[in-house]
Amino acid sequence: MKSISKKKSRKIITKNMPNSHKLHQTVITNRTKGKKKSLHIFAHKFKPKIDKRKKLLWILAFVISAFICLHQLTDRVTNYFDYPIVTDVHIQRVKTARFPPIILCKNNFVDIFFEKIEEKIAKQCSILEQCNNTELKSYNFSVFGLNILDIWYKNSIQQSRVKSTMSCAGLYDKSICTDANKYLNISTLSLNTYYGRCFIYLSHDILEFQEARTYWSFKVKHHDKDDTLYDANSGKADIKFYIQRKEEKYSKSKIYYFARNLMKKQMSNIYISSKTYEYLNSTKHQCFNTTTVTTCKNRCFQKKLQEMRTTNCGLPFMNPKMPICQNYNDAAEAYSAVQDTYLAIKYDECNCGRMCIETKHVDLMDALPLDEKKDETKFMFFLQTD
């Protein structure tokens with residue numbers, strides 16, 4: 001047998017064997033197909049089924065979210081160009097306000113008023129040979145040369161003895177303190193009350209809240225030293241004050257009920273804070289404007305004054321339709337009737353409803369020790385923020 005060379009034998013083996021590259025490719029292909037098939041089976045078995053309605057909800061939520069984001073972005077960009085921010089400008093906002101009206105009266109007016117009339121009667125009595133004080137008290141004032149209105153106004157608080165100042169630090173317009181041609185814008189009104197003629201002080205200047213530096217100061221010199229009832233050493237109250245609400249009418253009865261005493265030779269600090277209440281108008285809980293409520297209360301109170309006790313005449317603070325009393329006895333009777341009525345009636349018992357918008361003032365007062373050297377009453381009002 002012929003021997004076959006190594007070259008030939010290698011060729012024969014290679015020829016008879018399958019192509020190694022094709023074999024390798026076939027194996028890889030079979031493996032890949034097997035993997036794909038197994039993955040397909042796995043996904044088919046374990047893939048969760050999503051309901052069409054849920055898909056719709058998800059899509060809808062996505063669209064809405066995208067719309068909101070787009071709207072916010074557009075709004076921010078538009079706002080930026082409409083209201084540009086300037087970083088080198090700083091604006092400080094300061095709260096501003098005005099003081100409410102302050103009403104000042106003389107506390108012991110009634111005593112001094114009748115004391116002055118009695119002095120005139122006693123003087124006339126000494127002139128007459130036969131004197132009877134009791135009888136003279138029923139005589140007309142004209143017999144003694146008296147005018148009741150003159151005595152009324154002369155013995156009330158005197159505006160010339162009241163001085164008021166306001167802190168420059170608290171004024172919005174600081175030039176009022178530096179410009180000689182500018183003055184504080186304060187006006188006064190008068191009102192006849194149980195305490196004689198009272199004065200209403202109205203401040204129209206705009207103020208800044210500067211804590212203790214925003215104040216309205218009053219100083220009242222005491223009044224007629226020749227009064228029989230005047231006592232220079234007395235620390236008794238001589239001045240009354242009442243803080244009036246801006247939106248309501250001036251009420252004589254409220255001044256009687258709510259005016260507070262200030263002591264002679266004493267310094268008092270009064271701290272004013274206010275709160276505004278707004279009520280909704282409904283069928284069950286009706287509310288009315290301020291003018292309607294205050295007018296109703298004043299009419300109600302005047303009606304009760306007339307019903308409680310009738311008098312032949314009146315005094316300057318009473319019903320203007322009544323004639324002014326012209327003798328001592330009638331004047332004393334009228335005062336007594338009013339005082340009895342005030343003591344018997346509660347101010348809030350008139351059913352006039354409530355205000356839709358109501359501002360209430362609260363005042364807290366601190367009194368400092370007496371200063372024996374000064375014959376005056378000094379008091380300061382401060383605005384407080386809540």
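According to the working numbering, the stretch in the sequence shown is residues 1 to 386, in order.
C-beta atoms are modelled at their ideal positions from N, C-alpha and C, and glycine is treated no differently.
Through-space distance from residue j to residue i, alpha-carbon basis
i    : j    : result
S138 : T165 : 46 Å
F382 : K182 : 23 Å
H44  : T74  : Residue confidence is low: H44 scores 49 on pLDDT, short of 50, so the model does not pin down where it sits. Its coordinate-derived value is still stated next. Distance between the alpha carbons of H44 and T74 is about 45 Å.
T276 : D375 : 39 Å
A337 : H285 : 37 Å
M267 : P369 : 7 Å
R53  : A66  : 20 Å
N192 : C198 : 6 Å
C296 : G170 : 37 Å
V86  : K252 : In this prediction, V86 has a pLDDT of 39, which is less than 50 and means its spatial position is unreliable; what the coordinates show is noted afterwards. Answer to the nearest angstrom: the Cα atoms are 54 Å apart.
Y328 : H361 : 39 Å
Y335 : I255 : 16 Å
Y279 : T292 : 15 Å
I103 : T310 : 29 Å
I239 : F258 : 13 Å
T341 : D179 : 51 Å
C352 : N281 : 15 Å
S126 : I345 : 42 Å
I357 : C177 : 35 Å
A61  : H71  : 15 Å
T228 : I151 : Interpretation of T228 is limited by its pLDDT of 45, a score under 50 that renders its predicted location unreliable; the figure taken from the coordinates is listed afterwards. Their Cα atoms are separated by approximately 15 Å.
K265 : P323 : 39 Å
A391 : A212 : Outside the displayed range of the chain (1 to 386) lies residue 391, so it cannot be described from this structure.
G314 : C325 : 6 Å
L57  : I68  : 16 Å
I59  : R76  : 26 Å
Enclosing alpha helix (DSSP H) for residue i [first to last residue]
i    : result
F109 : F109 to I127
F258 : K252 to F258
C352 : Segment: none, C352 is in no alpha helix (DSSP H) and carries neither H nor E.
D330 : Y328 to A344
T310 : It is not in any alpha helix (DSSP H) - T310 carries neither H nor E in the DSSP assignment.
S175 : S175 to T178
For residue j and residue i, believed in contact at Cβ under 8 Å, the rounded distance
i    : j    : result
T214 : S167 : 6 Å
P316 : L149 : 7 Å
L189 : D205 : At roughly 17 Å, the Cβ-Cβ gap does not stay under 8 Å, so L189 and D205 are not in contact.
F109 : Q124 : Actually they are not in contact, since the Cβ atoms of F109 and Q124 sit about 23 Å apart, beyond 8 Å.
P100 : I270 : Actually they are not in contact, since the Cβ atoms of P100 and I270 sit about 11 Å apart, beyond 8 Å.
R354 : C287 : 5 Å
L202 : S187 : 5 Å
D371 : I272 : Not quite, the Cβ-Cβ distance comes to about 24 Å (not below 8 Å), so this is no contact.
K106 : Y195 : 6 Å
N140 : F113 : In fact, because the Cβ distance is near 18 Å, the residues do not count as touching under 8 Å.
Y172 : L207 : 6 Å
From the options, residue whose alpha carbon lies closest to that of residue i
i    : options                   : result
T294 : R245, Q384 and H204       : R245
E119 : L136, L104 and K106       : L136
F366 : H71, L104 and R260        : The sequence given here has Asp at residue 366, not Phe. Checked all of H71, L104 and R260; the closest Cα to D366 is R260.
I157 : C69, V220 and T134        : V220
Q302 : P320, K106 and K264       : P320
Q210 : K240, L202, K174 and A332 : K174
N298 : S142, K249, F141 and L70  : K249
V162 : F241, S142 and Y172       : F241
K378 : A237, E333 and I151       : A237
T134 : M263, A344 and I121       : I121
K304 : L343, N155 and D111       : L343
S274 : Y153, R98, L262 and M263  : R98
I200 : L207, Y153 and Q159       : Q159
M380 : L262, Y172, D51 and L56   : L262
T359 : T283, N289, V63 and I59   : N289
Residue i: first and last residue of the uninterrupted beta strand (DSSP E) it sits in
i    : result
I272 : M267 to E278
V362 : I357 to A367
D150 : D150 -> not in any beta strand (DSSP E); alpha helix (DSSP H) instead, spanning I148 to K154.
I103 : I102 to K106
T165 : V162 to M166
I239 : A237 to I243
T377 : E376 to L383
Distance cut-off 8 Å: residue i Cβ against heavy atoms of the ligand NAD
i    : result
H285 : No copy of the ligand NAD occurs in the structure displayed, which carries no ligand at all.
Inside the segment 182-219 only - beta strand (DSSP E) runs reaching at least 3 residues: 186-193 and 196-203
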